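Novice: Have a look at the structure that comes next, please.
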Amino acid sequence: MARIVMKFGGTSVADLDRIRTVAGRVKREVEAGNQVAVVVSAMAGATNQLVRWCQDLSPLHDAREYDTVVATGEQVTIGLLAIALQAVGVEARSWQGWQVPILTDSAHGKARVEGIDGSELVRRMEAGQVPVVAGFQGVEPERNRVTTLGRGGSDLSAVALAAALKADRCDIYTDVDGIYTTDPRIVPRARKLERVSYEEMLELASVGAKVLQTRSVELAMKQRVRVQVLSSFEDKPGSLVVDEDEIVEQPLVSGIAYSRDDAKVTLRRVPDRPGVAARVFDALAGANVNVDMIVQNVGADGTTDMTFTVGKADLARAQDVLGRVREELGYEALLADPEVAKISVVGIGMRSHAGVATTMFRALAEKGINIQVISTSEIKVSVLVGAEYTELAVRALHTAYGLDGPAG
400 MARIVMKFGG
410 TSVADLDRIR
420 TVAGRVKREV
430 EAGNQVAVVV
440 SAMAGATNQL
450 VRWCQDLSPL
460 HDAREYDTVV
470 ATGEQVTIGL
480 LAIALQAVGV
490 EARSWQGWQV
500 PILTDSAHGK
510 ARVEGIDGSE
520 LVRRMEAGQV
530 PVVAGFQGVE
540 PERNRVTTLG
550 RGGSDLSAVA
560 LAAALKADRC
570 DIYTDVDGIY
580 TTDPRIVPRA
590 RKLERVSYEE
600 MLELASVGAK
610 VLQTRSVELA
620 MKQRVRVQVL
630 SSFEDKPGSL
640 VVDEDEIVEQ
650 PLVSGIAYSR
660 DDAKVTLRRV
670 PDRPGVAARV
680 FDALAGANVN
690 VDMIVQNVGA
700 DGTTDMTFTV
710 GKADLARAQD
720 VLGRVREELG
730 YEALLADPEV
740 AKISVVGIGM
750 RSHAGVATTM
760 FRALAEKGIN
770 IQVISTSEIK
780 VSVLVGAEYT
790 ELAVRALHTA
800 YGLDGPAG
C-alpha cells in the first residue's frame, strides 16, 4: 500500500464531466489499496476571471482582499470533486487551506508555506477517507487571513502536502503527458523526457516551462519528494522528477524554455555610486516585486544605465515604487518594455562541456535575432529577445542542440 498525493490542474477539472473523470482516477487508486489525498486547482478560467475583476476595480488593489477573492475558485472545485467521489462510492471530504491548516507567511499573493499540520488528514486517510484539499491557498496565522501562493501555487500545495504526509509519490496530472524538451505546440518534434533532475526542472520551471511551478520543484528537491507528471486525459507513462544520480545519461541540453511573462525595466542615467543598486532593489523587494535578469552598463560621466526584468503582472507596481523613490535615486528616466521574451537552454551536462553559450548565440544570430540581456547559471543560459521572435528562437535552438525527435 502506498500513500499518494494526486494533484489535478484547472483543465483537468474544467467542467463536471472532467470532474467525474478525475473522481474515476482517484477511485482506481483507492481500489488498488492506496491511501490518497487529492489537491485541486480552480476550474479552468475561473482564477483568471477573479484576477481580472480585482485589476479592473484597482490596478494597485489591496493584496489581502485580492487573496480573499481569488481563493474562492478552489473552494468550488473541492466541494464538487468531493460530491463526485461520494457519488461513485468513495468516502471523501473537502478541505480549505485554513482547515488543514496550511500555514504561510503574510506575503499576500505570493505567500510561502511555513508549515502544514497533516495529522488529521493522515488519520482520515488511514480510516479510508480521501481528503480533497484546495490548492493555491493557506492561512497566515498572525492575522488569520487567507493567503494565496502565486500562480501555479496548487503544485506547491501538492508537493508541500506530500512532504507533510510523508507520501511515497506526488502525481501531478495536467493537460500534457509529461515533461518535453520544449513546448510541443511550437516544436512538433519535441521529445518527452522519461526522467529529469530536480536541478534541471527547477531551472526549466523558473525560466518559463509551464509544467510545474518553480517553488514546487524547489520544495520537492529540498524534501526529496518524488514527483511524476502525467496526463489527465490519456493513460500514458509520464515523466519523473528525480535525483541527478538516477539519470544514467546526462545530456548536454535537456530542454529549451521560454517565457512571455516578463517585462524589461531600464533606469536611465542612474548616479554611479555605491549603494544605489541596493536602494533600487530594496524598494522593489519591499513591495514583493521579484527581479530576475539584471544588467548594469559601465559608468560614464558619473552615471550608468541599469536594466532588469520583472513579471509583467508586477510592472505597474514596480513603476509606482520606483517613481516614489526617483528623487532619492536621482535617475533621469524609467523605460518599460513589456514586449520581450526570455529564452533559456537548460541541461546538467553543461557543467562539463564548454561552448553551450556560443552555440546559442550563433543560432540566434543566424536567424537575425538581437539579444538584449544575457544571464547564466551553472546549468542554464538565458537571453532576453523581442517577443515577436519567441517561436523562431525556440525552434532554432531546439534544432541547434540536436533535440529534435523523429518527424511525425
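Those letters in the sequence shown? Residues 400 to 807, by the working numbering. Note that CB positions come from ideal geometry on N, CA and C, so glycine has one too. Remember, predicted model here, so these are calculated numbers, not experimental data.
Counting C-beta neighbours from all protein chains within 10 Å, is the total for Lys384 16 or more, i.e. buried, or is it exposed?
Specialist: No information on residue 384 is available, as it lies outside the stretch 400 to 807 that the chain covers here.
Novice: Put Gln771 into one of helix, strand or coil per three-state DSSP.
Specialist: The answer is coil: DSSP assigns Gln771 none of H, G, I, E or B.
Novice: Using only CA atoms, which one of Asp700, Ile585, Asp634 and Arg419 lies nearest to Gly577?
Specialist: The shortest Cα separation from Gly577 among Asp700, Ile585, Asp634 and Arg419 belongs to Asp634.
Novice: Using a Cβ-Cβ cut-off of 6 Å (strictly less than) and excluding sequence neighbours within five positions of Gly804, which residues of its own chain qualify?
Specialist: Taken in chain order, the residues that qualify are Arg588 and Arg590.
Novice: Would you report the Cα separation of Ala656 and Phe707, rounded to the nearest angstrom?
Specialist: Their backbone Cα atoms lie some 19 Å apart in a straight line.
Novice: Could you give the distance in angstroms between the alpha-carbon of Ala441 and the alpha-carbon of Ser553?
Specialist: In a straight line, the C-alpha of Ala441 is about 9 Å away from that of Ser553.
Novice: Buried or exposed for Val745, please, with buried defined as at least 16 other CB atoms from any protein chain shown within 10 angstroms of its CB.
Specialist: The residue in question, Val745, is buried, as its Cβ has 16 or more Cβ neighbours within 10 Å.
Novice: For Gln434, which of helix, strand or coil comes out of DSSP?
Specialist: Correct three-state label for Gln434: strand.
Novice: Curious, which full-length alpha helix (DSSP H) runs of at least 4 residues does the region 505-566 contain?
Specialist: Fully enclosed alpha helix (DSSP H) runs of 4 or longer: 518-525 and 552-563.
Novice: Taking the Cβ atom as the reference point for each residue, do Leu449 and Val468 lie within a distance shorter than 8 Å?
Specialist: Taking 8 Å as the Cβ cut-off, Leu449 and Val468 qualify as a contacting pair.
Novice: Throw me the rounded Cβ distance for the Trp497 and Pro530 pair, which I believe falls under 8 Å.
Specialist: Between Pro530 and Trp497 the Cβ distance is about 14 Å, and since that is not below 8 Å, they are no contact.
Novice: What first and last residue would you give for the beta strand (DSSP E) that runs through Trp494?
Specialist: Trp494 -> beta strand (DSSP E) spans Ala491 to Trp494.
Novice: What are the start and end residues of each continuous beta strand (DSSP E) run of 3 or more residues lying completely inside the region 708-783, in chain order?
Specialist: Here the runs fully enclosed are 732-736, 739-745 and 772-776.
Novice: Strictly by DSSP, which residues pair up with Tyr579?
Specialist: Per DSSP, Lys591.
Novice: What distance in whole Å lies between the Cβ atoms of Asp570 and Met405, which are believed to be in contact at a cut-off of 8 Å?
Specialist: Yes, they are in contact, since the Cβ atoms of Met405 and Asp570 sit about 5 Å apart, within 8 Å.
Novice: Measuring alpha carbon to alpha carbon, tell me which of Ser631, Ala676 and Thr757 ends up nearest Gly729.
Specialist: Of the listed residues, the one whose Cα sits closest to Gly729 is Ala676.
Novice: So Val652 packs on Tyr800, CB below 8 Å; how close in whole Å?
Specialist: The pair is a contact, with the Cβ atoms about 4 Å apart (cut-off 8 Å).
Novice: Do Val784 and Asp582 have their beta-carbon atoms positioned less than 8 Å apart in this structure?
Specialist: Going by C-beta atoms, Asp582 is not nearer than 8 Å to Val784.
Novice: Would you check if the distance between the CB atom of Thr503 and the CB atom of Thr546 is smaller than 8 Å?
Specialist: Yes, they are a contact pair.
Novice: Does the distance from the C-beta atom of Val724 to that of Ala717 stay below 8 Å?
Specialist: No, Cβ-Cβ distance for Val724 and Ala717 is not below 8 Å.
Novice: Could you check whether Val487 and Lys426 sit closer than 8 Å to each other, using their CB atoms as the reference points?
Specialist: Contact: yes.
Novice: If I follow the unbroken alpha helix (DSSP H) through Ile482, where does it start and stop?
Specialist: Thr471 to Ala486 is the extent of the alpha helix (DSSP H) around Ile482.
Novice: Within this structure, are the beta carbons of Leu555 and Leu456 separated by less than 8 Å?
Specialist: Cβ atoms of Leu555 and Leu456: not closer than 8 Å.
Novice: Out of Glu602, Thr613, His797 and Thr789, state which residue places its alpha-carbon closest to the alpha-carbon of Thr758.
Specialist: Closest option to Thr758, Cα to Cα, is His797.
Novice: Could you tell me which uninterrupted alpha helix (DSSP H) segments, each at least 4 residues in length, are contained entirely in the region 597-634, listed from first to last along the chain?
Specialist: Entirely contained in the region 597-634, the alpha helix (DSSP H) runs reaching 4 residues are, in chain order, 597-605 and 613-622.
Novice: Just the Cα atoms here: how many angstroms apart are Ala806 and Gly444?
Specialist: One C-alpha to the other measures close to 33 Å.
Novice: Quick one: what's got a C-beta closer than 8 Å to Ser631's C-beta in the same chain, skipping five residues either side?
Specialist: Result list for Ser631: Phe407, Gly408, Thr410, Ser411, Arg417, Thr420, Val421, Arg424, Tyr572, Thr573 and Asp574, in chain order.
Novice: Thinking just about the alpha-carbon of each residue, which of Asp671, Val720 and Ala682 is nearest to the one in Thr399?
Specialist: Lying outside 400 to 807, the shown extent of the chain, residue 399 is not represented and no answer is given.
Novice: Which same chain residues end up closer than 6 Å to Lys711 when comparing Cβ atoms and leaving out the 5 residues on each side of it in sequence?
Specialist: Within the same chain, Lys711 has close Cβ partners Asp660, Ala662 and Pro737.
Novice: From the DSSP output, in three-state form, read off Tyr800 for me.
Specialist: It is coil, neither helix nor strand.
Novice: Short check: CB of Val438 to CB of Val532, under 8 Å?
Specialist: Result yes, Cβ atoms of Val438 and Val532 sit closer than 8 Å.
Novice: Looking at the strands, I want to know which residues DSSP matches up with Met705.
Specialist: BP columns for Met705 point to Leu666 and Gln695.
Novice: Please list, in chain order, all residues of the same chain as Val626 whose beta carbon is under 6 Å from its beta carbon, the five residues on each side excluded.
Specialist: Correct list, in chain order: Cys569, Ala619 and Val640.
Novice: What residues are listed by DSSP as bridge partners for Cys569?
Specialist: According to DSSP, which records beta bridges pairwise, Cys569 is partnered with Val404 and Val626.
Novice: For the alpha helix (DSSP H) holding Val679, just list the boundary residues, first then last.
Specialist: Per DSSP, Val679 belongs to the alpha helix (DSSP H) from Val675 to Gly685.
Novice: Under a Cβ-count criterion, where at least 16 other Cβ atoms within 10 Å of its own Cβ denotes burial, should Arg544 be classed as buried or exposed?
Specialist: It is buried - the Cβ of Arg544 has at least 16 other Cβ atoms within 10 Å.
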